[in-house]
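This report refers to the structure that appears directly beneath it.
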Amino acid sequence: MIIKISGNEIKAKQIDLISESRFSEILQFLVDKKGQATLRDLKRAFPNEDITDEYIDSLVLNHLITRHHGRYAAFGEVITKEYQLNLKENCETFLDSHLVEIKKDFEEIKTEKDSFKVIHYLGNFEEINDVVYYEETENSVQWLSLPIKLSKVLGKKSEFISLGSYYPHYNHHITDFFNYLKREQVNVPIDFINLRNILGDINPSYFINYSERKLRRLSRGKQIPVEKADIFMEALLSMGYISVNNEFYEFNMLDVNLADECVELNNLLESLMTYNEELITEKKESHYLIRAILLNWLLENNIISLPKTLQAWG
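Taking this note's numbering, the leading residue of the sequence shown gets 440, the next gets one more, and so forth.
Written out as structure tokens, the structure reads:
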């Protein structure tokens with residue numbers, strides 16, 4: 440079972456609970472029981488785990504499981520392998536039948552910025568579900584690894600925009616770093632640990648404002664030497680916002696205008712939604728899934744390509 444969490448600002452306690460190995464086992468048990476498990480059933484099923492009343496209450500309070508008249512179930516939608524396969528086949532049947540037409544509509548998508556705009560458009564929608572449980576399949580692993588999750592950070596004059604994947608993936612950018620700083624420091628990724636060792640427990644506003652000033656200088660062609668010690672520049676380099684060339688830092692973000700309309704993409708997405716209307720009614724999560732399936736199909740058919748950098752500002 441894979442747990443997908445939406446939202447730009449993750450709930451630290453929720454992630455801490457999910458990251459415990461016992462939670463995935465409890466979740467699978469509740470899914471198998473189809474909402475008919477009692478607290479006694481849980482304790483009996485996991486005699487070697489510390490399934491206390493307080494622990495179960497914390498799962499309920501953090502919207503990971505539900506409790507109704509003493510019966511427990513998974514909180515949110517469960518996306519079964521059958522549903523995944525049905526939706527994928529439906530979408531790809533439609534897309535394959537319109538391949539020539541779609542390639543013609545997208546023939547102007549040539550640059551890294553163009554591809555970034557397409558992915559940004561697909562990821563720029565309002566999530567309906569906070570937590571969703573996926574049966575682990577080749578499809579779900581692939582979709583959830585796609586960089587379709589938008590993260591935005593406002594500076595004083597600019598907006599930092601990052602493309603990334605949904606939790607359980609850690610995205611090495613500003614948003615996820617400060618989200619993970621709120622967590623208990625166990626079961627955290629090595630990239631986060633290395634960056635935390637550079638920055639420590641730093642104030643987000645101070646980091647963002649300082650970084651924005653440096654990035655604006657670089658974006659205008661100003662030179663900043665690497666030899667000048669600066670933990671902020673080290674951090675930006677680690678996250679890919681800047682690079683190094685001939686002992687000088689270079690701007691490594693895309694400067695994109697995201698206000699442009701993507702008419703062809705919007706029409707294609709609407710057609711896909713209409714074609715899958717029955718499946719959309721069944722699962723709210725399909726609004727995300729159709730976007731992920733479309734992005735994967737566009738990549739597989741070389742209609743767009745993944746940008747080398749997943750960081751931009753506008």
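For glycine and all other residues, C-beta sits at the position ideal for the given N, C-alpha and C.
State the Cα-Cα distance for the pair Glu623 and Glu716, rounded to the nearest angstrom. To locate residue 623, count along the sequence shown from 1; it is residue 184. To locate residue 716, count along the sequence shown from 1; it is residue 277. Roughly 42 Å between the two C-alpha positions.
Would you check if there are 3 or more beta carbon pairs closer than 8 Å linking the segment 623-632 to the segment 657-667? no
Answer yes or no: do Val592 and Ile647 have a C-beta to C-beta separation smaller than 8 Å? Within the sequence shown, residue 592 is the residue found at index 153, counting from 1. Within the sequence shown, residue 647 is the residue found at index 208, counting from 1. Contact flag set, yes.
Looking at Ile600 and Ile753, is the spacing between their C-beta atoms short of 8 Å? For the purposes of this step, residue 753 is taken as the residue at position 314 of the sequence shown. For the purposes of this step, residue 600 is taken as the residue at position 161 of the sequence shown. Residue identity check: residue 753 is Gly in the sequence provided, not Ile. Closer than 8 Å, so yes.
Report the residue from Phe468, Ile541 and Gly639 whose alpha carbon sits nearest the alpha carbon of Phe617. If you number the sequence shown from 1, residue 617 lands on position 178. Nearest C-alpha to Phe617: Gly639.
May I have the straight-line CA-CA distance separating Pro607 from Ile681, to the nearest angstrom? As a first step, residue 607 is located in the sequence shown; it is residue number 168 there, counting from the start. As a first step, residue 681 is located in the sequence shown; it is residue number 242 there, counting from the start. Those two C-alpha atoms are separated by around 26 Å.
Integer-rounded CB distance, given that Asp569 should sit under 8 Å from His502: In the sequence shown, residue 502 corresponds to position 63, counting from 1. In the sequence shown, residue 569 corresponds to position 130, counting from 1. So it is a contact: roughly 6 Å between Cβ atoms.
Look up Gly603 in the DSSP assignment and give the residues it is bridged to. Stepping through the sequence shown from its first residue, residue 603 is reached at position 164. For Gly603, which the question treats as bridged, DSSP gives the partners Lys588.
Closest Cα partner of Asn636 within the set Leu620, Tyr649 and Tyr645: Position 197 of the sequence shown holds residue 636. For Asn636, the nearest C-alpha among the options comes from Leu620.
Please classify Ile617: does DSSP put it in a helix, a strand, or coil? Mapped onto the sequence shown, residue 617 falls at position 178. The sequence given here has Phe at residue 617, not Ile. Looking at Phe617 - three-state DSSP - the assignment turns out to be helix.
Using beta-carbon positions only, say whether Leu693 and Phe545 come within less than 8 Å of one another. The count along the sequence shown starts at 1 and reaches residue 693 at position 254. The count along the sequence shown starts at 1 and reaches residue 545 at position 106. Going by C-beta atoms, Leu693 is not nearer than 8 Å to Phe545.
Apply the 10 Å Cβ neighbour rule to Pro586 and answer buried if 16 or more other Cβ atoms are within range, or exposed otherwise. Translated into positions along the sequence shown, residue 586 becomes position 147. It counts as buried.
Quick one: is Leu675 buried, meaning 16 or more other Cβ sit within 10 Å of its Cβ, or exposed? Residue mapping note: residue 675 aligns to position 236 of the sequence shown, counting from 1. So Leu675 ends up on the buried side.
Roughly how many angstroms separate the alpha carbons of Ile518 and Arg656, rounded to a whole number? In the sequence shown, the residue the question calls residue 518 occupies position 79. In the sequence shown, the residue the question calls residue 656 occupies position 217. Ile518 and Arg656: Cα-Cα distance of roughly 46 Å.
Count the CB pairs spanning the segment 470-484 and the segment 444-457 that are closer than 8 Å, and state whether there are at least three. no
What runs of the alpha helix (DSSP H), each 4 residues or longer, lie entirely inside the segment 529-584? 538-544, 551-562 and 577-584
Buried or exposed by the 16-neighbour rule on C-beta atoms within 10 Å, applied to Ser536: Here residue 536 refers to the residue found at position 97 of the sequence shown. Classification of Ser536: exposed, given that the 10 Å Cβ count is below 16.
Reference Lys542, options Leu749, Ala751, Thr748 and Leu738, closest by Cα: Locating residue 542 in the sequence shown gives position 103, counting from the first residue. Answer by Cα proximity: Leu738.
Local Cβ density within 10 Å of Glu686, reported as buried at 16 or more and exposed below that: Here residue 686 is taken as the residue at index 247 of the sequence shown, counted from 1. It is exposed - the Cβ of Glu686 has fewer than 16 other Cβ atoms within 10 Å.
From what residue to what residue does the alpha helix (DSSP H) around Ile647 run? Locating residue 647 in the sequence shown gives position 208, where the first residue counts as 1. Pro643 to Ser658 is the extent of the alpha helix (DSSP H) around Ile647.
Are Leu538 and Asn705 closer than 8 Å when you measure CB to CB? Position 99 of the sequence shown holds residue 538. Position 266 of the sequence shown holds residue 705. Not closer than 8 Å, so no.
Within the same chain, show all residues whose beta-carbon is closer than 6 Å to that of Ile548, passing over the 5 residues directly before and after it, in chain order. Mapped onto the sequence shown, residue 548 falls at position 109. These residues qualify, in order along the chain: Ile743.
Residues of its chain near Gln453, where Cβ-Cβ distance is below 8 Å and the 5 sequence neighbours each way are ignored: Walking along the sequence shown from the start, residue 453 turns up at place 14. Excluding sequence neighbours, Gln453 sits near Ile444, Asn501, His502, Leu503 and Val570.
May I have the straight-line CA-CA distance separating Arg730 from Lys667, to the nearest angstrom? Position 291 of the sequence shown holds residue 730. Position 228 of the sequence shown holds residue 667. Roughly 44 Å separates the two Cα atoms.
Within the same chain, show all residues whose beta-carbon is closer than 8 Å to that of Leu708, passing over the 5 residues directly before and after it, in chain order. Stepping through the sequence shown from its first residue, residue 708 is reached at position 269. Result list for Leu708: Leu561, Ile729, Arg730 and Leu733, in chain order.
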